[in-house]
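If you're matching them up, the sequences are chains A and B in order.
Residue numbers for the first sequence follow this note's numbering, so the first one is 11 and each next one is one higher.
Residue numbers for the second sequence follow this note's numbering, so the first one is 566 and each next one is one higher.
The beta carbon of each residue, even a glycine, is placed where N, CA and C say it ideally should be.
Source: prediction; values computed, not measured.
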Amino acid sequence: MEGDDHLADERNKAEFDVDDMKIVWAGSRHAFEISDRISSLVASDSFFRKDHRGVLSRKELFKNTLKKAAHAWKRINELRLSEEDASRLRFFMDEPSFVDLHWGMFVPAIKGQGTEEQQKKWLTMANRMEIIGCYAQTELGHGSNVQGLETTATFDPKSDEFVIHSPTLTSAKWWPGGLGKVSTHAVVYARLITDGEDYGIHGFIVQLRSLDDHSPLPGITVGDIGTKFGNGAYNSMDNGFLMFDHVRVPRDQMLMRLSKVTREGKYMPSDVPRQLVYGTMVFVRQKIVAGASVSLSRAVCIATRYSAVRRQFGSQNGGRETQVIDYKTQQNRLFPLLASAYAFRFVGEWLKWLYSDVTQRLQANDFSTLPEAHACTAGLKSLTTSATADGIEECRKLCGGHGYLWCSGLPELFAVYVPACTYEGDNVVLLLQVARFLMKT
Amino acid sequence: VSQLGSGKPPVGTTAYMARAEHLLRCRSGVQRAEDWLKPSVVMEAFEARSIRMAVACAKNLGKFENPEQGFAELSSDLVEAAVAHCQLIVVSKFIEKLKEVIPGKGVKKQLENLCYVYALYLMHKHLGDFLGMGCITSEQASLANVQIRSLYSQVRPNAVALVDAFNYTDHYLGSVLGRYDGNVYPKLFEEAWKDPLNDSVVPDGYHQYIRPLLKQ
Numbered sequence: 011m012e013g014d015d016h017l018a019d020e021r022n023k024a025e026f027d028v029d030d031m032k033i034v035w036a037g038s039r040h041a042f043e044i045s046d047r048i049s050s051l052v053a054s055d056s057f058f059r060k061d062h063r064g065v066l067s068r069k070e071l072f073k074n075t076l077k078k079a080a081h082a083w084k085r086i087n088e089l090r091l092s093e094e095d096a097s098r099l100r101f102f103m104d105e106p107s108f109v110d111l112h113w114g115m116f117v118p119a120i121k122g123q124g125t126e127e128q129q130k131k132w133l134t135m136a137n138r139m140e141i142i143g144c145y146a147q148t149e150l151g152h153g154s155n156v157q158g159l160e161t162t163a164t165f166d167p168k169s170d171e172f173v174i175h176s177p178t179l180t181s182a183k184w185w186p187g188g189l190g191k192v193s194t195h196a197v198v199y200a201r202l203i204t205d206g207e208d209y210g211i212h213g214f215i216v217q218l219r220s221l222d223d224h225s226p227l228p229g230i231t232v233g234d235i236g237t238k239f240g241n242g243a244y245n246s247m248d249n250g251f252l253m254f255d256h257v258r259v260p261r262d263q264m265l266m267r268l269s270k271v272t273r274e275g276k277y278m279p280s281d282v283p284r285q286l287v288y289g290t291m292v293f294v295r296q297k298i299v300a301g302a303s304v305s306l307s308r309a310v311c312i313a314t315r316y317s318a319v320r321r322q323f324g325s326q327n328g329g330r331e332t333q334v335i336d337y338k339t340q341q342n343r344l345f346p347l348l349a350s351a352y353a354f355r356f357v358g359e360w361l362k363w364l365y366s367d368v369t370q371r372l373q374a375n376d377f378s379t380l381p382e383a384h385a386c387t388a389g390l391k392s393l394t395t396s397a398t399a400d401g402i403e404e405c406r407k408l409c410g411g412h413g414y415l416w417c418s419g420l421p422e423l424f425a426v427y428v429p430a431c432t433y434e435g436d437n438v439v440l441l442l443q444v445a446r447f448l449m450k451t
Numbered sequence: 566v567s568q569l570g571s572g573k574p575p576v577g578t579t580a581y582m583a584r585a586e587h588l589l590r591c592r593s594g595v596q597r598a599e600d601w602l603k604p605s606v607v608m609e610a611f612e613a614r615s616i617r618m619a620v621a622c623a624k625n626l627g628k629f630e631n632p633e634q635g636f637a638e639l640s641s642d643l644v645e646a647a648v649a650h651c652q653l654i655v656v657s658k659f660i661e662k663l664k665e666v667i668p669g670k671g672v673k674k675q676l677e678n679l680c681y682v683y684a685l686y687l688m689h690k691h692l693g694d695f696l697g698m699g700c701i702t703s704e705q706a707s708l709a710n711v712q713i714r715s716l717y718s719q720v721r722p723n724a725v726a727l728v729d730a731f732n733y734t735d736h737y738l739g740s741v742l743g744r745y746d747g748n749v750y751p752k753l754f755e756e757a758w759k760d761p762l763n764d765s766v767v768p769d770g771y772h773q774y775i776r777p778l779l780k781q
């Protein structure tokens, strides 16, 4: 089988300029140039090899990920990469790890919910990775139901501290990436109680491990929640559990941009509108939709190329068999997915614009478009992640039996992708939010 | 939906609901398969389907004394209405993208093909909604299928180049089947040899388990 010839022939058939299409896909020439440069950098560095992930044990896989993350940080500093370049490098490393949560959730949470003083203190350390943080919201008994969280943060005016406590087994923090073995700190969400009143869920910066020997601090029980779906895949990540036994943190470690507690224990909402929190959700969901187009496009890329290489049936008089991509049944399954990858890419681009529009309006105290933006991002997150998870599995089937091999790339892609259908809210629940908004409209 | 008569115009992605009166009554004007390549025709069909499903839900909700109970009871219908609205958003954003100036030989044409593949495939997949809500007729649905087949033929010669445009390195793609050079089968063999089970010709456990079984 001369695979080389097949794809060269295929490329000669193209009726458009591929290089120009690359710019459209990337979003701009600038974005393309960064991606092209950084992806080549990662591909040519043997530290970032990933072809053996499927045969590593959980412990080896995890340690290998630590090694890669450390090497990536070294290269980022050696090459003096910008924040944008560094983020692309982590993206092309293509290995879920604690750094995703550190940069993707911990740092943004402090940026969004911390006061200027808090940002100065914590971001300085976080940006240098002198501390490593994660985002501890979800609990064992309460997934995306934030209102149901049970962890408490009770203010003690005598010592000017909050007492963070897990009152039940179901209140154990469960799932946060990076929490289990690596994070030294976490943004922890807990019910704020002061002066005998419960003011609902608020964020707190809590140190989990010693910065000297990495052992958990007194009152902290922390560990990994166990092996997850798929070989390799998300098992490179130390998703963790965490319980607090009356852990004390200074009052100024409550994230106080949106509301604060005074030295006397008085709860004070700030002038900054709470709707800003919903703005953050729009941001996160926009990222998820963009991620859907990436994952689906990877699966479609594999299935399309292999459909052009693979030949089945159709030979007459000893001639070559037919390329499976020429069968209408194959096209009817593959091409709508190819089209969906592009569709999700463009709707993701539009969501990026929507987020900046919403942010500008919020800064001008205009909340009029927020409910609609919130509903539509919820719906698009649901729609695109469900379609992508189904699409990757369809691509596996489009590759016949070989799609089931780990080295096809599809099993791991699927295993890494499917959690998207349940994070940031279960997809069906999110659609019901959209429906509620539609009914109100 | 409950605010449509209030005079307060819907915003953003629900702006089409301001044309409720038209969208609740209109019928698609498609007469030939090529008519399905008109953005306004596709948009109208998706908008009509979405608003009709939403209004149908709202009407049914109105039959319940307690709205929350009605919401719980009708949740499956509501999810379908939400999906219709979200699919409309994706289709509309793809069509909007095509209104931009897109440089490059043949690039726009390929994107147009993909846009209509996406929209018409969704229509085909959710045909029950479109027919049940009276947005299109079964003849128009057949014409949409004819058009999809024609679009597939146009996408076919460009398919590999369309995925090359993602510009993924072999490292990032991490797939023997999806290798850029298409040299799949020799590489599958190479990968197989690398597996720890192939470290020895006779497997660990032969003397302990297989031999006694064979020699019993």
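What's the C-alpha gap between residue i and residue j?
i, j, result
"Asp55(A)", "Leu99(A)", "11 angstroms"
"Ala18(A)", "Pro761(B)", "34 angstroms"
"Cys405(A)", "Cys622(B)", "35 angstroms"
"Ile87(A)", "Lys391(A)", "Looking at the sequence shown, residue 87(A) is not Ile but Asn. Asn87(A) and Lys391(A): Cα-Cα distance of roughly 34 angstroms."
"Gly236(A)", "Gly250(A)", "8 angstroms"
"Val655(B)", "Ala649(B)", "10 angstroms"
"Gln341(A)", "Ile335(A)", "6 angstroms"
"Ser571(B)", "Ser49(A)", "53 angstroms"
"Leu66(A)", "Ser317(A)", "30 angstroms"
"Pro226(A)", "Ile667(B)", "55 angstroms"
"Gly671(B)", "Val728(B)", "15 angstroms"
"Leu440(A)", "Gln326(A)", "53 angstroms"
"Gln370(A)", "Gly289(A)", "10 angstroms"
"His81(A)", "Ser657(B)", "43 angstroms"
"Ala684(B)", "Arg584(B)", "21 angstroms"
"Glu43(A)", "Glu25(A)", "24 angstroms"
"Thr398(A)", "Asp166(A)", "48 angstroms"
"Ser715(B)", "Glu149(A)", "51 angstroms"
"Leu179(A)", "Leu159(A)", "12 angstroms"
"Leu742(B)", "Leu448(A)", "43 angstroms"
"Glu274(A)", "Leu133(A)", "27 angstroms"
Under three-state DSSP, which class holds residue i?
i, result
"Lys780(B)", "coil"
"Gln333(A)", "strand"
"Tyr819(B)", "Examination of residue 819(B) is not possible in this model, given that chain B is present from 566 through 781 alone."
"Val198(A)", "strand"
"Ser269(A)", "strand"
"Pro722(B)", "helix"
"Arg98(A)", "helix"
"Tyr745(B)", "coil"
"Gly739(B)", "coil"
"Cys455(A)", "Because chain A spans 11 through 451 in this model, residue 455(A) falls outside it and cannot be assessed."
Along chain B, in chain order, which residues have C-beta atoms closer than 8 angstroms to that of residue i?
i, result
"Arg315(A)", "Val725, Val728, Leu742, Gly743, Arg744, Tyr745 and Gly747"
"Ile335(A)", "Arg721 and Ala724"
Classify residue i: buried if its beta carbon has 16 or more other beta carbons within 10 angstroms, exposed otherwise.
i, result
"Tyr774(B)", "exposed"
"Asp769(B)", "exposed"
"Thr194(A)", "buried"
"Phe611(B)", "buried"
"Asn137(A)", "exposed"
"Leu111(A)", "buried"
"Asn678(B)", "buried"
"Thr272(A)", "exposed"
"Trp363(A)", "exposed"
"Glu20(A)", "buried"
"Met688(B)", "buried"
Just the chain A side, please: which residues come within less than 9 angstroms of residue i by C-beta, in chain order?
i, result
"Glu756(B)", "Asp61, Leu415, Trp416 and Cys417"
"Lys784(B)", "Here chain B comprises residues numbered 566 to 781, so residue 784(B) is not present and cannot be evaluated."
"Ala706(B)", "Correct list: empty, because the minimum Cβ distance to chain A is about 15 angstroms."
Which bits of chain A does residue i rub up against, with CB to CB less than 7 angstroms?
i, result
"Lys658(B)", "Phe356, Val357 and Trp360"
"Ser640(B)", "Leu442"
By the criterion of Cβ-Cβ separation under 8 angstroms, what are the contact partners of residue i in chain A?
i, result
"Val576(B)", "Ser378, Thr379 and Glu382"
"Asn732(B)", "Lys32, Trp35, Ala36, Phe42, Ser45, Asp46 and Ser49"
In chain B, what lies closer than 7 angstroms to residue i by C-beta?
i, result
"Thr451(A)", "Val566, Gln568, Pro575, Thr579 and Met582"
Could you list which residues in chain B have their beta carbon closer than 9 angstroms to that of residue i, in chain order?
i, result
"Ala318(A)", "Ala724, Val725 and Gly747"
* Report the residues of the segment 142–171 of chain A with a CB closer than 7 angstroms to any CB of chain B, ordered along the chain. => Residues passing the 7 angstroms Cβ filter: none.
* To do: Below 7 angstroms between beta carbons is the criterion; list the residues of the segment 292–314 of chain A that meet it against any residue of chain B, in chain order.
  => For the segment 292–314 of chain A, which is checked against every Cβ of chain B, the residues closer than 7 angstroms are Ser307, Arg308, Val310, Cys311, Ile312 and Thr314.
* Interface residues of the segment 95–120 of chain A facing chain B [CB-CB below 8 angstroms] -> Phe102 and Asp104
* Contact set between the segment 644–671 of chain B and chain A, restricted to residues whose Cβ is under 8 angstroms from the partner -> Val644, Ala646, Ala647, Val648, His650, Cys651, Gln652, Ile654, Val655, Val656, Lys658, Phe659, Glu661, Lys662, Ile667, Pro668, Gly669, Lys670 and Gly671
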